[in-house]
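Just so we're aligned, residue 476 is where the sequence shown starts under this note's numbering, counting upward by one. To keep things clear, I will list the structure first and then write my remarks on it.
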Amino acid sequence: MNKSEAKVEIERLSSDLNRHNHRYYVESNPEISDYDFDMFLKQLQDLESQFPEFASDHSPTKRVGGDITKKFDSVVHKYAMLSLSNSYSKDEIEEWVVRAKKFVEDDLEYVCELKYDGVAIGIQYVDGKLVQAITRGDGSQGENVTSNVKTIRTIPLELTNDYPKDFEIRGEIFFPLKNFNALNEKRREDGDPEFANPRNTASGTLKMHNSKVVADRGLDCFLYGIYGAENRADGHFELVNKAADWGFKVPPSNERYIEKTNSVEGVMDFINYWDEKRKDLPFEIDGVVIKVNNYDQQEILGFTAKSPRWAIAYKFKAERVETVLEEVRYQVGRTGSITPVANLTPVQLGGTTVKRASLHNADQIEKLDLHLGDTVYVEKGGEIIPKIVGVNLDARTNATVGITYIHECPECSTELVRHEGEVNHYCPNELSCPPQVKGKIEHFISRKAMNIDGLGAETVDALFASELIKNIADLYTLTFDQVVELERMADKSANNLIAGVLASKEIPFERVLFGLGIRFVGETVAKKLAKALKNIDELAKADFETLIAVDEIGDKIAMSIQAFFWEDRNKEVVRRLKEYGLKMEIVEKEGSSNKFEGSSFVVSGVFETFSRNDLKALIESNGGKNVSSISAKTSYVVAGDKMGPSKLQKATDLGVKILSEQEFIQLLNE
Ligand code: IVH
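Here's what the structure looks like:
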């Protein structure tokens, strides 16, 4: 095949495959067999690899994934991604309906929709082609996850009829229960830990670096908002239906996923219907959303600082089921803290099988008066792991046994301690209790600390088991020959590991300090300490007064730091890390100063020259402090584009100085 023939053939195959994809995934009405589809796709893949110059960014082969994204870029949203105001009470929803009508001084139509429990996404289309997909992030900027979103079969890569030239469509990416349960089934078979819930797994999946994995997991998406195409219809309901003509999968009206009504009764009927029927849905929802339909009326209603006044969410109460508490097991964390976990008779809860629940601590067990063998109530709250909320005392028999909390560490048999004023029990054997030692090493190598490529929890396990490492300093004495001897360790992986360890010597001091895993010294505290005390020697010898004089360091943190450096073994580890060449002092960045010392800043809105995070970093590196809400004590508000009017009003009322982006730059350069 010559070049021009290949071009024509690639275009023909792409267009056919896009159409078949739509028929299969969006219309559920395929024209050809799966086998034929795969064959056409294979032909296209082959042609694209022979003639890469004709492989388009919107080719159906992108569905299969394979693009690797090293780092997701931050992108500022063209339209801020706000949230919804929530209510758990039907009375409040009724009041909202009445209030909206009064405010607009006209009759209203309402659109009722499901509140999909997934991850929000904003997808931009230009000239009918998917050009960018961004996560919600902090609402003003999110992460560019385009390659991963392109693998979701129900999201069109190219649109068909009569679409707007440049617009954004927003929706929720979710994990259909069937696919989520299949994934967990597979993980169980492979001996991998199962995922706790579809929402968090959808969110984690969307941020994976290998889009092939995303493609295989089978995420789906429903749409709930269209921006930049308002003149195409007067109301939201009508525009969503139009989007179906452009090629989108929209929520089906005939299954009542979306509905238009002009009365309170209609809204209540929708809520009551889904409160009952939601357990039969093939995906999870956590409520319903009511929106004023007409765009002009939406405009009259406007926004508060965080959410539109033209929409409200009604959240369902958490679903609750009964099951039997079979056993309590105790987990030991990196800091030695003990977490009791309940093993339950498996039970279906909201489409997933629940087998474990967190029990938090001894007090919680006592408060619930739990017995082994009890029938317990389990609820899925906002947390990742479901929780036990009570006991069905009517079902308690003589065969149940009261729970006696353990006194000894389940891993190393050391007697547990409970510090005054703390709820958790601890295993004090931090130097040789295996999960604590391994946990500290895992923390040290984690992304936010030393970010050691090529080293994960499994390898740490293997290195520890073969006694090659007993603490974090031992990582730096590992050799290729030692590592390659480990089971399932190929030459390439061993090389990566050694290279990753070497590269970590360039990690800045504040992250090394965070990586040491001193109790209560998180990322922010480590930064503050590094900045104030400059190097590890000063920190190690700092007295209590010096420590508590550092911004945000209180008695508890100061005591913990001192306790760490009193321990000879810790001092030895630090000495060795220094000897191996890790960064143990702060490098003052160019452009840093104490100019903003003593001043606090609230940064809000979207900026032209900087991202919000860069701006905040500038404030910090010049000695200022970032705070999240405005008070009379705030020194400055840096106001960007799209800053909420109520925030501005508050700043004005309290007499806080408001700086534009330009004024901030001036202040910085003064
Ligand atoms: S409308 C201005 N409609 O709920 C906000 N949101 O707290 C417009 N969500 O981040 C959002 N289903 O991720 C809307 N039918 C629906 C929704 C929905 C789920 C999520 C969305 C948003 C969050 C709002």
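All residues carry an ideal CB built from backbone N, CA and C; glycine is no exception.
Consider the C-beta atom of residue i and the heavy atoms of the ligand IVH; say whether any pair is separated by less than 7 Å.
| i | result |
| --- | --- |
| Ser489 | no |
| Ala1001 | no |
Using the rule of at least 16 other Cβ atoms within 10 Å of the residue's Cβ for burial, across every protein chain shown, is residue i buried or exposed?
| i | result |
| --- | --- |
| Thr798 | buried |
| Phe712 | buried |
| Tyr510 | exposed |
| Lys915 | buried |
| Met514 | exposed |
| Leu819 | buried |
| His894 | exposed |
| Leu843 | buried |
| Met556 | buried |
| Thr879 | exposed |
| Thr1109 | buried |
| Asp581 | exposed |
| Leu1022 | buried |
| Asp761 | buried |
| Trp1041 | exposed |
| Val876 | exposed |
| Leu977 | exposed |
| Leu868 | exposed |
| Lys855 | buried |
| Phe1019 | exposed |
For residue i, which residues of its own chain have a beta-carbon under 6 Å away from its beta-carbon, when the five flanking residues on both sides are left out?
| i | result |
| --- | --- |
| Asn654 | Gly693 |
| Asn504 | Arg498 |
| Val1081 | Val551, Ser615, Gly1115, Asp1116 and Lys1117 |
| Thr544 | Ser622 and His684 |
| Val586 | His711, Phe712, Lys735, Lys766 and Asn768 |
| Gly990 | Phe919, Ala924 and Met925 |
| Lys1148 | Examination of residue 1148 is not possible in this model, given that the chain is present from 476 through 1145 alone. |
| Lys1091 | Val1078 and Asn1101 |
| Ala874 | Gly848 |
So, for residue i: in the same chain, excluding its five sequence neighbours on each side, which residues have a beta-carbon less than 7 Å away from its beta-carbon?
| i | result |
| --- | --- |
| Ala1017 | Leu1008 |
| Asn636 | Asp720 and Trp721 |
| Arg1044 | Leu906 |
| Thr680 | Val689, Arg692 and Leu694 |
| Lys553 | Glu643 |
For the ligand NAD, is there a heavy atom less than 7 Å away from the beta-carbon of residue i?
| i | result |
| --- | --- |
| Val807 | This structure lacks the ligand NAD; the ligands present are the ligand IVH. |
Just checking: is the beta-carbon of residue i within a distance shorter than 8 Å of some beta-carbon in chain C?
| i | result |
| --- | --- |
| Phe919 | Given the protein chain composition of this structure (a single chain), no chain C is represented. |
Sorted by chain position, which residues of the same chain lie with C-beta nearer than 8 Å to residue i's C-beta, five sequence neighbours on each side aside?
| i | result |
| --- | --- |
| Tyr748 | Arg731 |
| Asn493 | Pro535, Pro631, Leu632 and Glu633 |
| Gly1162 | Shown here, the chain extends from 476 to 1145; a query on residue 1162 therefore has no answer. |
| Arg784 | Ala575, Phe578, Leu776, Gly777 and Phe778 |
| Glu669 | Asn659, Arg662 and Arg663 |
| Ser558 | Gly614, Lys781 and Ser782 |
Quiz item: Who's in the neighbourhood of the ligand IVH, going by beta-carbon under 5 Å from any heavy atom, listed in chain order?
Solution: Leu557, Ser558, Leu559, Glu588, Lys590, Tyr591, Ala595, Glu647, Tyr699, Val764 and Pro783
Quiz item: Counting only runs that start and end within the segment 1085-1126, where is the alpha helix (DSSP H) found for 4 or more residues in a row?
Solution: 1087-1096
Quiz item: At what residue ranges does the segment 703-754 contain a whole run of the alpha helix (DSSP H), taking only runs of 4 or more?
Solution: 711-721 and 739-752
Exercise. May I have a chain-ordered list of the alpha helix (DSSP H) segments no shorter than 4 residues that lie completely inside the segment 884-942?
Key: Entirely contained in the segment 884-942, the alpha helix (DSSP H) runs reaching 4 residues are, in chain order, 909-920 and 932-940.
Quiz item: In chain order, which continuous runs of the alpha helix (DSSP H) of length 4 or greater are located wholly inside the segment 944-984?
Solution: 955-959 and 966-978
Practice problem: Kindly provide the ranges of any alpha helix (DSSP H) runs that are 4 or more residues long and lie completely inside the segment 477-507, ordered along the chain. | Solution: 478-496
Quiz item: Where in the segment 557-599 do unbroken runs of the alpha helix (DSSP H), each at least 4 residues long, occur, reported from the N-terminal end onward?
Solution: 565-579
Quiz item: Counting only runs that start and end within the segment 1026-1078, where is the alpha helix (DSSP H) found for 4 or more residues in a row?
Solution: 1030-1041 and 1043-1054
Quiz item: Which ranges does the alpha helix (DSSP H) cover as unbroken runs of at least 4 residues, wholly within the segment 600-644, from first to last along the chain?
Solution: 621-624
Practice problem: Only counting runs of 4 or more residues, tell me where the alpha helix (DSSP H) segments fall wholly within the segment 819-855, in order along the chain. | Solution: 837-843
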